[in-house]
DNA sequence: CACATTAATATGTGCATGCATATTATCTTA
DNA sequence: TAAGATAATATGCATGCACATATTAATGTG
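Chains as they are written, first to last, in the numbering used here: chain R, 1 to 233; chain S, 234 to 466.
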């Protein structure tokens, strides 16, 4: 028997969670309101509120003013992915990291991105092809467009020391972005770079970030064969 | 000029966020403590606390007792994925959903899962192969193992009406799980099921869930060609 | 000087209270 | 009776205060 400290908001959250798991409160059912729970647990309403707010954040209960709090019918299965800087991901596995710039030039924004980079850009964008290595084995291949209006300093950087990924994180923080994951077949070019045989299924990620209205960068990362993105829920 | 209500915790959060974005507080730098900020904004410390707590949750600042609050050096790029029930995902796109059970039988737990399903299981597990359709076109192929110790009622269900996915969400809630994403090549069997040509790169997801110590289910979902998992950050 | 002890301090959390706000239920009124 | 105004109510949030807790800085001691 685990005694839960019913006087802390985390403790109360655990008790409420158990009731939901044990079907004492059925999905869709209205649960007692804050004041009643506060009385039951002998604590302030604020404390119950904190616990319920946390459960609502994780999607387990739905709260509406005046309508009350009810157990979610379809608890949305949320997973928080941590998308690390590649160098850190590699190094955290105890391997050595290195990257190499395969291509670097200025070019007009490719039509594919005109929609995403809604703002009409005055000039060329910086285009980079980078190969990331883990213990000298290819880890991921990166294609990136950088909006020089958003990060003018990038124009003069070679990105040999610090990767564009890392530099941007530190020098052009974004406010929001779109992220997507998908699978691609390795084509001729990718094979050579990623040590794959033609056709191998590769895990890929694409990301576009903005600072307010201003698009910053577009990246497409294709990982070497066998890559898995993991998380806990 | 956007006037931010500096008297609400969200307003204060925005102001702090701007300062971080504008490098008024550099990454790694210690920011004023709650009491000072409260005085500056003319509000209670609790309100500043709420704003800072929120920024800490999103990983933008690191807070330590006595040590104070500092701007994160590598703001971890977190993304929250919502993994919906397939039916809902399909229907939310305005398409009709249908699923069909291709195989259903009891079998011993495959060795591959002995590690994950740590507990030694007394008996067979329920194995299911399901094909999910969107507007009658194949959407995803599912292979699933269900621990009948955790969900005994599943033994007598055909899962023709409601998919195992949905039934489990409602009838065997989990406390935690492992989730991973990767890419696979379509083999002969998959091709037929998913309307793919041999070798096509397919996006796949694998998930194992537990209720406390008790493993509930293992699923492997392979999506039809072209699938993208999207989210905003 | 190295190490343990103690004090100082910033954040974390709980409480009582009051008011704000969204939403539902009820009561008017045409 | 239907539509609109009004009251009731559950959650949301701000405040001021007190105390808990983790961590650092200062201090004392062998």
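C-beta atoms are modelled at their ideal positions from N, C-alpha and C, and glycine is treated no differently.
Taking C-alpha positions only, residue 277 of chain S is separated from residue 271 of chain S by approximately 6 Å. Scanning the region 133 to 162 of chain R for uninterrupted beta strand (DSSP E) segments of 3 residues or longer gives 137 to 146, listed from N- to C-terminal end. About 16 Å separates the Cβ atoms of residue 245 of chain S and residue 304 of chain S, ruling out a contact at the 8 Å cut-off. Taken in chain order, the members of the region 178 to 193 of chain R whose beta-carbon sits within less than 7 Å of a beta-carbon on chain S are 178, 179, 180, 181, 182, 183, 184, 185. DSSP places residue 244 of chain S within a helical segment (H, G or I) once states are collapsed to three.
The region 13 to 20 of chain R and the region 45 to 65 of chain R touch, with three or more beta-carbon pairs separated by less than 8 Å. Residue R:101 holds the alpha-carbon nearest to the alpha-carbon of residue 161 of chain R among R:101, R:27, R:8, R:55. Contacts between residue 231 of chain R and chain S, judged by CB atoms closer than 7 Å, involve 412 in chain order.
Of the other Cβ atoms in all chains shown, fewer than 16 fall within 10 Å of the Cβ of residue 240 of chain S; this residue is therefore exposed. The DSSP-derived three-state label of residue 228 of chain R is coil.
Any Cβ of chain S closer than 8 Å to the Cβ of residue 170 of chain R would place that residue at the interface, and such an atom is present. Cβ contact annotation for residue 145 of chain R (same chain, cutoff 6 Å, sequence separation greater than five): 125, 127, 218, in chain order.
As a beta-bridge residue in DSSP terms, residue 204 of chain R pairs with R:182, R:222. Listed along chain R are 183, 184, 185, 201, 202, each with a C-beta nearer than 7 Å to that of residue 434 of chain S. Per the coordinates, the alpha-carbon of residue 311 of chain S lies some 31 Å from the alpha-carbon of residue 34 of chain R. Among the residues facing chain R, residue 307 of chain S is included, as its CB has a counterpart in that chain under 8 Å away. Taking 9 Å as the upper bound on Cβ-Cβ separation, chain S lies near residues 73, 74, 75, 76, 77, 78, 79, 80, 81, 82, 83, 84, 85, 88 of the region 64 to 94 of chain R. Within its own chain, the residues whose Cβ lies closer than 6 Å to the Cβ of residue 365 of chain S, once the five positions on either side in sequence are excluded, are 319, 332, 372, 373, listed in chain order. Put simply, the CB of residue 406 of chain S is near chain R, with a gap under 8 Å to one of its CB atoms. Per DSSP, residue 259 of chain S has no beta bridge partner at all.
When DSSP reads this structure, residue 50 of chain R sits in no beta bridge, so it has no partner.
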